[in-house]
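> Using UniProt numbering, you'd call the opening residue of the sequence shown number 1 and step up by one each time.
One structure is given below, represented as C-alpha cells, and several questions about it will come after.
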Amino acid sequence: MPLFSRRTLEVPAVSVPSFLFDSLQHNAGSGTSDPVFVDAKRPTRYAFTMQNYRDWSRRVASGLLAAGLQSGDRVVLCAGNNIFTPMVVMGTIMAGGIYSSANPGLTPRELAYQLRNCTPRFLLAAPNCLENARLAADAAGMDRDSIFEFDTLDSTASVERPLHFWSWLIAGVEQGDRFVWEPLSTGEAASRTAMLCYSSGTTGLPKGVELTHSNLVANMMQLGMVQFSNKSIADRRGLCVLPMYHALALIYYAFVGPKAGLQTIIMERYNLARMMEHVAHFKITDLLLVPPILISMAKHPRARDDTFDLSSIRKVVTAAAPLGKEVTEQAEEIWAGQVKVRQAWGMSEIPCMGLCWEEGEHRGPTSTSVGELLPGVEGMIVNEDNVEETEPGKRGELWLRGPNVMKGYWHNSSATADTVTQDGWLKTGDIALVDEAGKWYIVDRKKELIKVRGAQVAPAELEALLFEHPQVLDAAVIGVKTATDDEDPRAYIVARDRTKVSERDIVVFVQERVAKVKRLTGGVVFVDSIPKNPSGKILRRLLRDMAAKRSETPRAKL
1 MPLFSRRTLE VPAVSVPSFL FDSLQHNAGS GTSDPVFVDA KRPTRYAFTM
51 QNYRDWSRRV ASGLLAAGLQ SGDRVVLCAG NNIFTPMVVM GTIMAGGIYS
101 SANPGLTPRE LAYQLRNCTP RFLLAAPNCL ENARLAADAA GMDRDSIFEF
151 DTLDSTASVE RPLHFWSWLI AGVEQGDRFV WEPLSTGEAA SRTAMLCYSS
201 GTTGLPKGVE LTHSNLVANM MQLGMVQFSN KSIADRRGLC VLPMYHALAL
251 IYYAFVGPKA GLQTIIMERY NLARMMEHVA HFKITDLLLV PPILISMAKH
301 PRARDDTFDL SSIRKVVTAA APLGKEVTEQ AEEIWAGQVK VRQAWGMSEI
351 PCMGLCWEEG EHRGPTSTSV GELLPGVEGM IVNEDNVEET EPGKRGELWL
401 RGPNVMKGYW HNSSATADTV TQDGWLKTGD IALVDEAGKW YIVDRKKELI
451 KVRGAQVAPA ELEALLFEHP QVLDAAVIGV KTATDDEDPR AYIVARDRTK
501 VSERDIVVFV QERVAKVKRL TGGVVFVDSI PKNPSGKILR RLLRDMAAKR
551 SETPRAKL
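Pasting the structure below:
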C-alpha cells in the first residue's frame, strides 16, 4: 500500500493569478503596505507590495496582448535574478501565455535547442546574455522583432544592439488597471499549461516540464501549509540567492512566498560575502540554499567571527542535492546548534518541493532526512522488479503521486510515458527509503543525471556532443565525487587514433560549446572500450567503479 501524507488537500479550480491575487480588492489603494519583493542592491528604489505585484503584472499582461501574444504562446526569459522577474512570469500567465525561463549561462547552441523546442512568441534576455540570445534566436529561426532586452527600468536598450527594450511590452497604468485575467473552469485549471521548466528529467536532453495552473496552485497550498504554517510571519524575511531561472527559487519566491506573506530580498547573483552581508543588513530569517552554498558558508571564517551578524536566521533549508550529516553539523555550529539545517527534495516534474520538513520541526536533532510527504501526496518505494516495498527501511526508487505532479513533457509523449505511469505515479529516478516515523531519505540516484553545484547535467547531452569530435569513436560520461560531496563530469573516451587527440583537446572542445557547469571538470580518461550490456546500454556502474579505483583523479585545467 502506498503511504499517504498526514494532511489532505483540496485544490480549488482557479487560475494562478486568481489564487494569488483575488484576496486583494481591485480598487486602488487596497492591499498591505508591506513589500513582498525588495531589491537587495536598491531597496529604496525597488520595493513592491502585493498590490504592486498584481498591478505591474497586469500591465505586462496587457502589453504582451497588445504586442500580439495569443493564448498558449510561450514567452522565454533568459536572465539572472531581477526584481521584475516575477512580474514577467505572472504577466505572461495572466495574458494566457506560457512562461519559460532559460539559464543565462547557456551557450547559443544550448539556448537554440530550447527555443526550437518551445517556439516562443517573445524572448527577453538580460544584457550579459543578449548576444548569445540573438545568435540562438537566429539559429532557431526567430524574428529579431521578437527579442527584447530585459533589465530594471533604470536601464535603456543597448545602443549598439538594434533590439527593443522590454519596457515596450509594459502597458500604461490606466490600461493595466482595466485588464482582467481570464477565469478558468475546473477542467481548464487542471489542463492548461502555465509554465515550461526545462529539465533533463531522469535522463537525456532537456525537456519542457509542463506545469498547469492546478499544479502551481497545489504547490502554493502545500508549501504554505508546511513551510509557513505560523500565522504570524510579518517579521519573516527570505533572501533569494538561488537563481530564479530554476524552478526551485522561481516557484518558492514568486508564488509560494508572496501568497504566504513572506518578504523576499532579491539578490542579482550569488556571492557568499555579499549574501552574509545582506543577511545581517536585512535581518533575514529564512534561507533556502543548495548544498555547495551552505558548505562554503560552513567553511568560511567570516561566518563564525563578528564580521556579520547572522543571528536573525531562524530557518535554513537546503535542496537540489543530498547533504551529509557531518557538513550539516558544521553548518549548524554557525548558530551554536540553535538553528537546525533541514533538507528538502524536489524536481521540476513535481515543482519546487515534493518532500520537506514541517515548520514546527526545525528544532531537534540533526537529520539527513528530507522530511515527509507534502499534503495530498502519496509515495511508495519500488524495487528493481517494479514491486512495491512495504517494509520500513527498504530501498528502492521513489514514486510519487499528487496534484503537483506535472502534466507531462512538452511535445514528448514517449518521455512522458516513461516517467509518469497511466495512473499518475511519477517515477523520480531517485533511490530512497522511509523509516517507521514516515520520514524519507534520499540515499542514491537511479537516474543518470550528474549534480554539479546544484545544477543537473545529463550525460547523454555531453555524450552526443563528444561524438561530434572527429577523433571520438565511443564515449560515456559519469559524475565523479569531489571533496565537498559535489560531482564533476568525467568523460571516458575511445579514440579513433590516440596519437591525434589529447585529454586537453577533448576538454577544450567541450568547454567551447557548453555552459560552465557542463564542462569536463572531472577530466578525460582514454579507454579501449566502453562497458555496455548486450543491448548496448552503457554500464555506468562499472565506470563509477573504475573511477573509485583510480589513485589519482584527473582534473581539467580550465
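Heads up, the beta-carbon is just placed ideally off N, CA and C, and yes, glycines get one too.
These figures come from a predicted structure and were not determined experimentally.
1) Ignoring anything shorter than 3 residues or poking outside the segment 349-417, list the beta strand (DSSP E) runs there in chain order.
2) Select from Leu123, Glu149, Asn128 and Pro127 the residue whose C-alpha is nearest the C-alpha of alanine 137.
3) Distance, Cα to Cα, alanine 556 vs glycine 523?
4) Please report the straight-line C-alpha distance between cysteine 352 and phenylalanine 526, rounded to a whole angstrom.
5) How far does the alpha helix (DSSP H) with lysine 451 in it reach, from first residue to last?
6) Look up serine 199 in the DSSP assignment and give the residues it is bridged to.
7) With C-beta atoms as the reference, is glycine 91 less than 7 Å away from alanine 61?
8) Let me know if glutamate 10 comes out buried or exposed under the rule of 16 or more other beta-carbons within 10 Å of its beta-carbon.
9) Given a threshold of 16 other Cβ atoms within 10 Å of its Cβ, counted over all protein chains shown, does lysine 532 qualify as buried or as exposed?
10) Do the CB positions of alanine 458 and leucine 466 come within less than 7 Å of each other?
11) For leucine 242, which three-state DSSP category applies?
12) Just to confirm the assignment: which complete alpha helix (DSSP H) runs, minimum length 4, are found wholly within the segment 289-353?
13) Return the chain-ordered ranges of every beta strand (DSSP E) run that is complete within the segment 32-79 and spans a minimum of 3 residues.
14) Exposed or buried, histidine 26, counting other C-beta atoms within 10 Å across all chains shown (16 or more means buried)?
15) Given a threshold of 16 other Cβ atoms within 10 Å of its Cβ, counted over all protein chains shown, does alanine 321 qualify as buried or as exposed?
16) What is the rounded straight-line gap between the Cα of lysine 259 and the Cα of serine 185?
17) Can you give me the Cβ contacts of serine 535 inside the same chain, cut-off strictly under 6 Å, excluding the 5 residues immediately before and after it?
18) Helix, strand or coil, according to DSSP, for tryptophan 440 in the structure here?
19) Are the segment 345-359 and the segment 214-230 touching by the rule of at least three beta carbon pairs closer than 8 Å?
20) Measure the CB-CB distance between proline 17 and tryptophan 181 and report whether it falls below 7 Å.
21) What separation, rounded to the nearest whole angstrom, lies between the Cα atoms of leucine 310 and valine 341?
22) Candidates Leu374, Lys207 and Tyr245: which alpha carbon is nearest arginine 7's?
23) For histidine 281, which three-state DSSP category applies?
24) Rounded to whole angstroms, what is the Cα-Cα separation between glutamine 471 and glycine 337?
25) Have a look at Ala415, Lys451, Pro489 and Pro35 and flag the residue whose alpha-carbon is nearest the alpha-carbon of tyrosine 253.
26) Just to confirm, is the Cβ distance from glutamate 188 to glycine 408 under 7 Å?
27) By DSSP's criteria, tyrosine 253 is part of a beta bridge. Which residues make up the other side?
28) Leaving out five residues before and five after glutamate 378 in sequence, what residues of the same chain have Cβ atoms less than 6 Å from its Cβ?
29) So, at 6 Å on beta carbons, what are the nonlocal neighbours of valine 477 in its own chain, with the 5 sequence-adjacent residues on each side left out?
30) Please confirm if the segment 386-393 is in contact with the segment 434-450, defined as three or more CB-CB distances below 8 Å between the two stretches.
31) With distances taken Cα to Cα, identify the nearest neighbour of isoleucine 493 among Thr328, Val507 and Thr482.
32) Have a look at the DSSP bridge pairing and note the partners of leucine 123.
33) Measuring alpha carbon to alpha carbon, tell me which of Gln114, Gly376, Glu468 and Gly80 ends up nearest valine 241.
34) Judging by CA-CA distance, which residue of Ala247, Ala140 and Ser167 is the nearest neighbour of glutamate 149?
35) Would the segment 36-46 and the segment 102-120 be scored as touching if the rule is three or more Cβ pairs under 8 Å?
36) State the start and end residues of the unbroken alpha helix (DSSP H) segment that holds alanine 432.
Checking against the coordinates, here is how it stands:
1) 350-356, 378-382 and 396-401
2) Leu123
3) Only weak support is given to the placement of alanine 556: the predicted model assigns it a pLDDT of 49, under 50, and the value that follows is read from those uncertain coordinates. Roughly 5 Å between the two C-alpha positions.
4) 39 Å
5) Not the alpha helix (DSSP H): lysine 451 falls in the beta strand (DSSP E), residues 450-452.
6) Lys207
7) yes
8) exposed
9) exposed
10) no
11) coil
12) 291-299 and 325-332
13) 35-39, 47-49 and 74-78
14) Unreliable placement is indicated for histidine 26, whose pLDDT of 38 sits below 50; the coordinate value is still reported in the next sentence. Exposed, by the Cβ-count rule.
15) buried
16) 21 Å
17) For serine 535, the predicted model reports a pLDDT of 48, less than 50, meaning its position is unreliable and no value from the coordinates is stated.
18) strand
19) yes
20) yes
21) 14 Å
22) Leu374
23) helix
24) 54 Å
25) Pro35
26) no
27) Per DSSP, none; premise fails for tyrosine 253.
28) Pro2, Phe4 and Arg401
29) Pro459, Leu462, Glu463, Pro489 and Ala491
30) yes
31) Val507
32) Val76 and Ile147
33) Gly80
34) Ser167
35) no
36) Unbroken run through alanine 432 is the beta strand (DSSP E), 426-434; no alpha helix (DSSP H).
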